[in-house]
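If you read the sequence shown in my numbering, its first letter stands for residue 4, the second for the next number, and so on. Even glycine gets a Cβ: it sits at the ideal position worked out from N, Cα and C. Below is one structure, written out as structure tokens; the observations come after it.
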Amino acid sequence: MHHRAGSSLVLSRTLPQPRSVLTVASLFILAITLIDLQVPGAVHLGDLLIMVPVLTSWYASSRVTSLVAIMAVSALMAIFLVRQSVNPPQAAALMATSVAVVIARYLTEHGQRKLVQLRAVAEAAQRAILPPLPHRLGPLRLASTYLAAEDEARIGGDLYAAVRTPTGTRLIIGDVRGKGLAAVGIAAHTISTFRDAARRLTTLPELAAYLDSSVRSNASEAVSPEQTEEAFVTATLLEIPDAEPLVRSVTCGHPPPLLLRAHDVVTLEAGQPAPPLGLGALVQTTYHLDTFALRAEDTLLLYTDGAIEARNTEGEFYPLAKRLTHQNHRHPTALLNHLRGDLLNHVSGRLDDDAALISIKRQPADGIAPSADQSTCDERGVSMSFDMRSRSTSGLGERPSAVQQ
């Protein structure tokens with residue numbers, strides 16, 4: 004079994020050195036042979052030789068298993084020669100078993116090599132569309148990590164990105180419904196569109212409306228017509244000004260961010276969550292702009308549902324918020340390293356869904372002074388409404404026909 008943490012492939016069962024396996028197997032074969040020759044003629048221990056190549060195949064390669072099988076067959080022939088009696092069924096059983104375990108071991112190795120190749124391709128594709136975030140953007144310290152599911156041949160659609168604007172930093176974290184190349188294509192398109200539009204559009208609700216139209220248009224080309232309504236992206240959009248101790252957010256069907264302040268963990272619940280990107284035209288969608296205080300030394304944690312829906316062997320979900328208690332002192336990179344190890348330990352190394360995590364810590368900066376009305380985490384919210392049904396799904400360059408604040 005393999006799992007990937009970060010960017011490295013890890014073999015969960017390390018094979019012993021071939022020389023040590025050969026030594027132990029040789030001693031077993033020698034012991035069985037000598038004992039068989041010492042016991043009365045009516046007692047035959049040659050059948051035990053069958054177990055040696057079988058056990059070897061579990062701990063060694065097909066090449067080493069082949070050598071041990073040859074040694075076992077040779078030992079049995081030596082027993083027959085010394086005893087001057089041949090047991091054809093016994094010889095046939097040993098040779099058939101030896102051939103079977105060697106073939107089985109070879110096929111296992113071949114499958115493992117193919118799986119490693121598939122995982123390498125999946126990892127390269129994931130890195131191409133999802134490179135790590137910069138460690139620093141303005142007054143923010145950032146870290147990002149991606150954990151692939153156990154079935155890594157199915158490339159996931161988790162996404163994140165961050166861009167600098169003249170006044171601060173904008174971020175997105177999201178999860179495309181489904182797996183495979185179609186999901187990767189939608190994720191890559193969403194990231195590209197976000198990077199371009201985040202620098203041009205004035206407000207987050209405008210950006211969310213633009214992304215919704217873009218995802219819908221792209222999905223209609225990337226998937227079959229009957230799957231278009233099932234192609235969507237859950238996402239959270241964030242805007243963190245450099246000169247103000249706050250964070251603005253628009254939530255589109257995505258799990259809420261978590262705020263770490265001192266020893267507390269606060270869930271930043273959206274006032275009015277919008278539908279996932281790509282589904283805004285199905286109903287009259289209101290993109291609600293929530294504003295929360297983000298002081299110096301506060302930490303924001305963004306994540307995809309693969310983190311909170313990860314189950315252990317008892318079926319219990321990973322308690323992400325609970326595991327963040329008393330963790331705000333950590334650097335963003337150290338925090339994600341801690342969470343990654345803890346999450347993999349919770350699921351015994353087997354994730355059923357991909358998970359992406361972003362940690363953001365605000366550093367003290369000149370010009371940022373928290374005011375009295377920003378002492379809590381849910382002071383105010385601004386609602387900006389876009390009637391998605393009145394917009395053209397093909398004209399991505401159109402601006403919303405009405406904005407209400």
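What is the DSSP secondary structure of residue i, counted as helix, strand or coil?
i	result
H192	helix
E272	coil
V350	coil
F295	strand
F235	coil
Y163	strand
L136	coil
Y486	The structure shown has nothing for residue 486, since the chain only spans 4 to 408.
K182	coil
D376	Here the model assigns D376 a pLDDT of 39, short of 50, so the residue's position is not dependable, and the following value carries that caveat. D376: helix per DSSP, three-state reduction.
P335	helix
L241	strand
D2	Since the first residue of the chain shown is 4 and the last is 408, residue 2 is not available in this structure.
S88	coil
T328	coil
V286	coil
R203	coil
T68	helix
D267	strand
T111	helix
T36	helix
E382	Confidence at E382 is low in this model, with a pLDDT of 42, below 50, so its placement is unreliable and the value that follows should be read with caution. In this structure, E382 counts as coil in the three-state DSSP scheme.
T302	strand
V3	Since the first residue shown for the chain is 4 and the last is 408, residue 3 is missing from the structure and cannot be characterised.
I'd like to check one pair, residue j with residue i: are the Cβ atoms closer than 8 Å?
i	j	result
L207	I363	no
T239	L304	no
V57	A28	no
P257	T237	The question names Pro, but residue 257 in the sequence shown is His. Taking 8 Å as the Cβ cut-off, H257 and T237 qualify as a contacting pair.
L51	I35	yes
V55	A75	yes
T100	I53	yes
V42	L33	no
R108	S60	yes
R219	G281	yes
D245	T148	no
L37	V85	no
L323	I311	yes
I'd like to know whether the C-beta of residue i is nearer than 8 Å to at least one C-beta of chain D.
i	result
A72	This model lacks chain D altogether; it includes just one protein chain.
Whole angstroms is fine: what's the gap from residue i's alpha carbon to residue j's?
i	j	result
P21	V124	29 Å
V105	A81	22 Å
S217	R66	54 Å
T307	L360	7 Å
G309	L204	30 Å
I175	Y213	14 Å
A234	Y321	27 Å
G274	S223	30 Å
L413	T193	In the structure as shown, the chain starts at 4 and stops at 408, and residue 413 therefore has no counterpart that could be examined.
L262	V268	6 Å
P279	V102	56 Å
T160	L241	Sequence inspection shows Gly at residue 160; the Thr mentioned does not correspond to that position. Distance between the alpha carbons of G160 and L241 is about 19 Å.
H291	A128	34 Å
T336	H138	9 Å
A265	H329	7 Å
K325	L184	35 Å
F197	A191	10 Å
L79	S69	15 Å
E172	L136	Note on identity: in this sequence residue 172 is Thr, with Glu being the wrong assignment. Their Cα atoms are separated by approximately 12 Å.
L121	H341	28 Å
S23	S64	12 Å
C380	L285	In this predicted model, C380 has a pLDDT of only 42, less than 50, meaning its place in the structure is not dependable enough to derive any value.
P259	Y163	15 Å
Nearest CA to the CA of residue i: which residue from the options?
i	options	result
G141	L162, T148, L133 and R167	R167
G283	F295, P260 and T254	T254
L150	Q366, N315, L346 and P367	L346
A200	D357, D215 and N331	D215
N348	T336, R333 and A313	A313
A299	L143, H113, S77 and G352	L143
G188	T148, L133, S64 and A95	L133
T302	I311, E319 and L271	L271
G352	R122, T316, S195 and P367	T316
D355	A152, H113 and R86	A152
K182	P92, D357, R365 and Q366	D357
V350	G318, L327, P367 and R365	G318
I243	I73, Q115 and R365	R365
L97	S77, Y62 and L323	S77
A165	A186, V179, S195 and R180	S195
contact_flag[the segment 289-301, the segment 245-252] where n(CB pairs < 8 Å) is 3 or more: yes
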